[in-house]
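First the structure, in the form of structure tokens, and then the observations on it.
Number of protein chains: 2
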Amino acid sequence: MTIRVLALCGGIGGAKLALGLSHILPPDDLAILVNTGDDFEHLGLTISPDVDTVTYTLAGLNNTELGWGLAGESWAFMDQLRKLGGEGWFNLGDRDLALHIERTQRLHAGESLSAITADVAARLGVAPRLLPMSDDPVRTVLDTDEGTLEFQHYFVGRQAQPAVSAIAYRGADTARPNPAALAALADPALEAVIICPSNPWLSIAPLLAMPALRHALEQTAAPVIAISPIVGGKAIKGPTAKLMGELGLPVTAHTVARFYAGLASAYVLDEADSDLADDIKALGLAVDVQPTVMTDLASKTALAGQVLDFAERLRHTRA
Amino acid sequence: MTIRVLALCGGIGGAKLALGLSHILPPDDLAILVNTGDDFEHLGLTISPDVDTVTYTLAGLNNTELGWGLAGESWAFMDQLRKLGGEGWFNLGDRDLALHIERTQRLHAGESLSAITADVAARLGVAPRLLPMSDDPVRTVLDTDEGTLEFQHYFVGRQAQPAVSAIAYRGADTARPNPAALAALADPALEAVIICPSNPWLSIAPLLAMPALRHALEQTAAPVIAISPIVGGKAIKGPTAKLMGELGLPVTAHTVARFYAGLASAYVLDEADSDLADDIKALGLAVDVQPTVMTDLASKTALAGQVLDFAERLRHTRA
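If you read the sequences in order, they're chains A and B.
Residues in the first sequence are numbered consecutively from 1, following our numbering.
Residues in the second sequence are numbered consecutively from 1001, following our numbering.
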């Protein structure tokens, strides 16, 4: 089982492209390296929101209305928890809860997050490999105008309302990256690294904050292609644009390209931003312009196909 | 808030009489001391089945079809847990799960089981005081023909099928009994101690295995009245009769009276067993014969009323 394509992603936005890739590539060829900086402890449970979103999305079980959790979910647990005076700010569906309880119990019993993730994925019928970025805890923490907030307290608890002045990835400097990802990046058989259109600062940066993973990405022989999460000066979803503004960054696909320059060798830009292509090429990135907005399975597989084609062209150019 | 009636009970059978008592007595007068020997750790959660059964029963939320858990319960969590390969032998309803998660989290945060139980009871509208027998762990463990089994593994996991040769109450010798119960037993204002018709060996013995509680029961000035869980040579519910047979004990109300002799001062016998009254009086117990089978709220309150009347007669006899 040689990994030929390694996708890096966070939750919702990234999972869309990961799903597209999973519909095109043979399962053994694809591995998805998922952000765990959003993970947190809540109600005594260890919750891995991005890993779960990717798992549920690839299993075809995701709740497309909510954008997170399981389709057809029920909420009896939350209703009763609130009656008991429990913490009600983070919704956990009845069915979803099984994963959190099972994972927490197995973590306490000494199993690794990656082993549990692989087992859960297999049981839910997910064929590509899902790789948590690390089995060691990394926690994204934000300095805001309401003080220092852990990611979920900022994102869910406060609905991303506080203004962010700085972001830290606690534990990233010592966390050991997933060894399967490091091995894939060092393997000449790797054909592409795809940085999905997730939030660069919240979903991808935690991975890059691990020195060994960043180094392996810089050294890999495969083309590293980032897909812009910014289209026409706006984020498709989530707090990316608001966050960029707060960090004093222009909300453009060019800013994201600059973020990935030196790491990525190529960049996929939306048609709406084709005027930025030359400026991005000037950063040393090969550029492909495509429709990048994924609204349905067809557009997800179409973009995945375009990115894989781009990777092939890049490999031939180098050869 | 002076406790005037202290009821000792386990789960289902005992909770019926506790409910009857709660419908007659002013809430401040009644405290219910509940077995925690059935408590166990499961899926990383601390579960207190008897405390929960009494809580839900007195809140009017109990599932009368199942005999445990909450009415109108749903099972999405269990369904998903089984899909994930989790332990499926102990059913936990979606709504019920809130209590286990909330309690476990609060225990880990340092709150006592008795404080959590009191808070949950108040939130669910239970007025009488619910007292777990101890905040220290006591675990009922059975020697069986299938080896040593913790209570729930025997009772639920193996449906009480293994033959029991001995029972131990691990931790009971050092566990500190609930101080409110000890105080009530030492208080001259206490008017009755009622040992509900729970399984003597599985539900009441764990309480009596705590030396300080047994001593306080032996020393209390109030009449101690036990209600027979055996009617016409059969147990109303559960494995009591089967267990008595395995322990080499005749399955009669007299055997249970002998178990309580020296501790109880009086005994309530079902009409079906009135022929045993003289033999039981010979054990040194005052005897009252009543219909003891509780099938509905009317029969629960009727029995509760009869037991309280009996207590009053006993007090007058002594005075």
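Ideal placement from N, C-alpha and C gives every residue a C-beta, glycine not left out.
Within-9 Å CB hit, A98(A) to chain B:
yes
Can you find a C-beta in chain A that's less than 9 Å from the C-beta of E1150(B)?
no
S48(A) at chain B interface by Cβ criterion, 9 Å:
no
Keeping to the same chain, check which residues put their C-beta closer than 6 Å to that of L1149(B); ignore five residues upstream and five downstream.
L1142
Restricting to runs no shorter than 3 residues, where is the beta strand (DSSP E) found entirely within the stretch 114–190 of chain A?
129–132, 139–144, 147–150, 164–170
Quick one: residues in its chain with C-beta nearer than 6 Å to the C-beta of L185(A), no 5 flanking neighbours on either side, listed in chain order?
A216, T220
Have a look at R1170(B) and P197(A) and give me their C-alpha separation to the nearest angstrom.
56 Å
Taking V120(A) as the query, report the chain B residues whose CB atoms sit under 8 Å from its CB, ordered along the chain.
L1084
For G1014(B), count neighbouring C-beta atoms within 10 Å of its own C-beta (all shown protein chains included) and say buried if the count is 16 or more, exposed if not.
buried
Name the two residues that bound the continuous beta strand (DSSP E) containing E41(A).
40–42
Suppose you measure from the CA of A1320(B) to the CA of F155(A); what does that come to, to the nearest Å?
Given that chain B is displayed from residue 1001 to residue 1319, the structure contains no residue 1320(B) and the question cannot be resolved.
So that I know if they touch, is there some Cβ in chain A lying closer than 9 Å to that of H1108(B)?
yes
How about L1019(B) and K1300(B): do their beta carbons lie closer than 9 Å?
yes
Considering only their Cβ atoms, is the gap separating I1194(B) from L1058(B) smaller than 9 Å?
no
Tell me the DSSP bridge mates of V1289(B)?
L1269(B)
Give me the Cα-Cα distance between R1129(B) and P1177(B), rounded to the nearest whole angstrom.
15 Å
I'd like the list of long-range same chain contacts for G88(A), defined as Cβ closer than 6 Å, with 5 residues on each side in sequence excluded.
Taken in chain order, the residues that qualify are R82.
Nonlocal neighbours in the same chain, by C-beta distance under 6 Å from V265(A), ignoring five residues either side:
Looking at the sequence provided, one finds Ser at residue 265(A) rather than Val. Within the same chain, S265(A) has close Cβ partners P223, V224.
Within-9 Å CB hit, G1044(B) to chain A
Residue-level contact check: G1044(B) touches chain A, since one or more beta carbons of chain A fall below 9 Å from its beta carbon.
Helix, strand or coil for G58(A) per DSSP?
Note that residue 58(A) is Leu in the sequence shown here, rather than Gly. Three-state DSSP puts L58(A) in a helix.
What are the boundary residues of the alpha helix (DSSP H) that V256(A) is part of?
253–260
Establish whether the CB of M78(A) and some CB of chain B are separated by less than 9 Å.
yes
Contact between the stretch 1056–1074 of chain B and the stretch 45–56 of chain A: three or more CB pairs below 8 Å?
Judged by pairs of C-beta atoms under 8 Å, the stretch 1056–1074 of chain B does not touch the stretch 45–56 of chain A, as fewer than three such pairs exist.
Measure the alpha-carbon distance for A1253(B) versus T1174(B) and round it to whole angstroms.
Cα to Cα, A1253(B) sits roughly 31 Å from T1174(B).
What residues in its chain sit with their C-beta under 7 Å from that of A166(A), if we drop five residues either side in the sequence?
D143
Out of curiosity, what's the CA-to-CA distance linking D1094(B) and H23(A)?
Straight through space, the alpha carbons of H23(A) and D1094(B) are spaced by roughly 34 Å.
Measure the CB-CB distance between L84(A) and A1098(B) and report whether it falls below 9 Å.
yes
Span separating the alpha-carbon of E41(A) from that of N35(A):
16 Å
Hey, is L124(A)'s beta-carbon within less than 9 Å of any beta-carbon in chain B?
yes
For K1281(B), which residues from the same chain have a beta carbon less than 6 Å from its beta carbon, with the 5 sequence-adjacent residues on both sides left out?
V1287
I'd like to check one pair, C1009(B) with I1236(B): are the Cβ atoms closer than 9 Å?
no
Is there at least one Cβ from chain A nearer than 9 Å to T1057(B)'s Cβ?
The beta carbon of T1057(B) does not come within 9 Å of any beta carbon belonging to chain A, so the residue lies off that interface.
Compile a chain-ordered list of the residues in the stretch 249–265 of chain A whose CB is closer than 9 Å to at least one CB of chain B.
none
Is the CB-CB distance between Q290(A) and L269(A) below 9 Å?
It is a contact, given that the beta carbons lie within the stated cut-off.
Just checking: is the beta-carbon of D94(A) within a distance shorter than 9 Å of some beta-carbon in chain B?
Interface annotation, D94(A): in contact with chain B, CB-CB separation under 9 Å.
Buried or exposed: Q1080(B), going by 16 or more other Cβ atoms within 10 Å of its Cβ?
Burial of Q1080(B) is indicated by the presence of at least 16 other C-beta atoms within 10 angstroms of its C-beta.
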